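Visitor: Handing you this structure, nothing more for now.
Residue numbers (our numbering), protein chains in the order written: chain A, 308 to 410; chain B, -6 to 365.
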């Protein structure tokens, strides 16, 4: 069984959204249209499987802009391999969220 | 949800999260809530999702230790200990002990010992008129009165005067121990049943307990999913009988223990023994189904086998294994399969080497030596 077969469609959408530059929870919710009760648990699972990793924004940056710091998610190398496999399984996935920027 | 409740809701949800992850989890959700509010999103539905996110992050529940019942000796020992515990509790609790003693020291009826003699006095209001006195035929000097509780208020041993005759109250009748017929309000002699009391007395606890057990034995095979064929195939009837026998005192004295809470013992015994016996006897059969028919140890290593879509030539259900390697028990999940109920697959002695614990303990070092 391939890796992508273990990935649900929702998880694949979230992975694709992160790869497309939606790198924090609320942004992923807006991009995918999925509710918070789906997005955040999926983020935990993707992070547990080491397909994404998270890091907190530097507090100084957030304070300077008078907003709370955010937790950003970034796709890993293993995550990108999984996403590529998922894109073969779900061909329309890549067209849902065109990649904005990939740093 | 009102705006000021969003953050408290997140805090409540965070209590579900394991302590080591709680702070980070709450910080992320609080931060995201700020952005949701700023963007004009639905903060309430957003916060509702926090509970779904928090639930999988809860700390593991502490494992509940299972009672040691793997071997038949352990099972019978545990049931015997449970029975002893309920007996001890029954004798330790005052009300339960009183009921027990009333049952165990039940006075014997000797119908010829009493005869109606004459009217003695008027009883207090509730008891009506004191019309007859029951006097033993073998009356001796010094015998006293036995009166029902409503007609006399005071401790036994007091001297009372009835129609000018001074006599001593030697006992008060109780509802179960020594009842007098309706027409009789006092008796002379020791506590016993007048001739016509036997027909009027209510059945004792034991008399109502035994039919309940019998009824439960009839109900359990009908009410449970166990078919008669399964029961006939069960071996070691002695083990089943021992389990059932050990459960009988647990049921009886357990229901007596409930009398401590002030409910009538007869009602309790009727209710608790009936339902308790049904559940207990059903457990006896279910426990037997999960035991090896050869050694009677509990079957272990439960695994699911097959898929419901493969019912034509395959089967699906649960497979459990005898820890001593006597065989496998297949339990079908649906009745559409080519076998229903349980199926025992015996393993021949050549398999025993895999289950021998001494071999398992010896094998590990040998395997470790082969590791490069």
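Beta carbons are placed, not taken as given, at the ideal position from N, Cα and C, and that holds for glycine. Predicted model only: the values in this text are computed from it and were never measured.
According to the neighbour-count rule (16 or more other Cβ atoms, all chains shown, within 10 Å of its Cβ), is residue 55 of chain B buried or exposed?
Guide: Residue 55 of chain B is exposed by the Cβ-count criterion.
Visitor: Per DSSP, what are the beta-bridge partners of residue 325 of chain B in this structure?
Guide: Looking at the DSSP assignment, residue 325 of chain B forms a beta bridge with B:310.
Visitor: What residues in its chain sit with their C-beta under 7 Å from that of residue 293 of chain B, if we drop five residues either side in the sequence?
Guide: Excluding sequence neighbours, residue 293 of chain B sits near 313, 314, 316.
Visitor: Residue 357 of chain A to residue 390 of chain A, Cα distance in whole Å?
Guide: Those two C-alpha atoms are separated by around 13 Å.
Visitor: List the residues that DSSP assigns as beta-bridge partners of residue 381 of chain A.
Guide: According to DSSP, which records beta bridges pairwise, residue 381 of chain A is partnered with A:360.
Visitor: Is residue 343 of chain A close to chain B? Criterion is C-beta to C-beta, closer than 8 Å.
Guide: Yes, because at least one Cβ of chain B sits closer than 8 Å to the Cβ of residue 343 of chain A.
Visitor: Mind pulling the chain B residues with CB within less than 8 Å of residue 300 of chain A?
Guide: For chain A, the structure presents residues 308 to 410; residue 300 of chain A sits outside this window and is missing.
Visitor: So which residues of chain A does residue 213 of chain B contact, with C-beta pairs closer than 8 Å?
Guide: Near residue 213 of chain B there are no residues of chain A at all, since even the closest Cβ is about 44 Å away, more than 8 Å.
Visitor: Please classify residue 335 of chain B: does DSSP put it in a helix, a strand, or coil?
Guide: Three-state result, residue 335 of chain B: strand.
Visitor: Examine the Cβ distances between the stretch 361 to 372 of chain A and the stretch 34 to 51 of chain B and report whether three or more of them are shorter than 8 Å.
Guide: The stretch 361 to 372 of chain A is not in contact with the stretch 34 to 51 of chain B.
Visitor: Along the chain, where does the beta strand (DSSP E) that runs through residue 297 of chain B open and close?
Guide: Start and end: 293 to 298.
Visitor: If we ignore side chains and look at the alpha-carbon of each, how far apart do residue 343 of chain B and residue 287 of chain B end up?
Guide: In a straight line, the C-alpha of residue 343 of chain B is about 16 Å away from that of residue 287 of chain B.
Visitor: Within 8 Å (strictly less), CB to CB, does residue 333 of chain A reach chain C?
Guide: Among the protein chains in the structure shown, which are A and B, there is no chain C.
Visitor: Can you check which of these residues, B:91, B:239, B:213, is closest to residue 67 of chain B by C-alpha distance?
Guide: Among B:91, B:239, B:213, the Cα nearest to that of residue 67 of chain B is on B:239.
Visitor: If you run the structure through DSSP and keep just helix, strand and coil, what is residue 340 of chain A?
Guide: The answer is coil: DSSP assigns residue 340 of chain A none of H, G, I, E or B.
Visitor: Using DSSP bridges, identify the partner residues of residue 320 of chain B.
Guide: B:339.
Visitor: Classify residue 395 of chain A: buried if its beta carbon has 16 or more other beta carbons within 10 angstroms, exposed otherwise.
Guide: Classification of residue 395 of chain A: exposed, given that the 10 Å Cβ count is below 16.
Visitor: For residue 235 of chain B, I'd like the list of residues in its chain whose CB is within less than 7 Å of its CB, leaving aside the five on either flank, ordered along the chain.
Guide: Correct list, in chain order: 69.
Visitor: The alpha helix (DSSP H) spanning residue 397 of chain A covers which residue range?
Guide: Segment: none, residue 397 of chain A is in no alpha helix (DSSP H) and carries neither H nor E.
Visitor: Against chain A, does residue 11 of chain B count as a neighbour if the rule is that its beta carbon must be under 8 Å from one of theirs?
Guide: Not closer than 8 Å to any Cβ of chain A, the Cβ of residue 11 of chain B fails to qualify, so no.
Visitor: Can you tell me where the alpha helix (DSSP H) with residue 40 of chain B in it begins and where it stops?
Guide: Run containing residue 40 of chain B: 36 to 47, per the alpha helix (DSSP H) assignment.
Visitor: According to DSSP, is residue 365 of chain A part of a helix, a strand, or is it coil?
Guide: Correct three-state label for residue 365 of chain A: coil.
Visitor: Just checking: is the beta-carbon of residue 254 of chain A within a distance shorter than 8 Å of some beta-carbon in chain B?
Guide: Nothing about residue 254 of chain A can be read from this structure; chain A reaches only from 308 to 410.
Visitor: Would you mind stating whether residue 89 of chain B and residue 267 of chain B have Cβ atoms separated by less than 8 Å?
Guide: No, these two residues do not count as a Cβ contact at 8 Å.
Visitor: May I ask you to list the residues that DSSP assigns as paired with residue 31 of chain B?
Guide: In the DSSP output, where bridge partners are listed per residue, residue 31 of chain B has none listed.
Visitor: Where does residue 229 of chain B fall in DSSP's three states?
Guide: In this structure, residue 229 of chain B counts as coil in the three-state DSSP scheme.
Visitor: Could you tell me whether any Cβ in chain B is nearer than 8 Å to the Cβ of residue 351 of chain A?
Guide: It does: the Cβ of residue 351 of chain A has a partner Cβ on chain B nearer than 8 Å.
Visitor: Can you pull the chain A residues whose beta carbon is under 7 Å from the beta carbon of residue 25 of chain B, in chain order?
Guide: Those within 7 Å of residue 25 of chain B in chain A are 332, 333.
Visitor: Please confirm whether residue 380 of chain A and residue 325 of chain A have their CB atoms less than 8 Å apart.
Guide: Closer than 8 Å, so yes.
Visitor: Taking the alpha helix (DSSP H) that residue 316 of chain A falls in, what are its first and last residues?
Guide: Per DSSP, residue 316 of chain A belongs to the alpha helix (DSSP H) from 316 to 326.
Visitor: For chain B, check one thing: does any of its Cβ atoms lie closer than 8 Å to the Cβ of residue 321 of chain A?
Guide: False, the Cβ-Cβ gap to chain B never drops below 8 Å.
Visitor: I want to see whether chain A comes within less than 8 Å of residue 316 of chain B, judged by CB atoms only; does it?
Guide: Judged by the 8 Å Cβ criterion, residue 316 of chain B is not in contact with chain A.
Visitor: Which residues does DSSP list as the beta-bridge partners of residue 290 of chain B?
Guide: DSSP lists no partner for residue 290 of chain B.
Visitor: At what residues does the alpha helix (DSSP H) containing residue 305 of chain B begin and finish?
Guide: It is not in any alpha helix (DSSP H) - residue 305 of chain B carries neither H nor E in the DSSP assignment.
Visitor: Please go through the same chain and pick out, in chain order, the residues whose beta-carbon is closer than 8 Å to the beta-carbon of residue 368 of chain A, but skip the five residues on each side of it.
Guide: So the list reads 376, once near-sequence residues are dropped.
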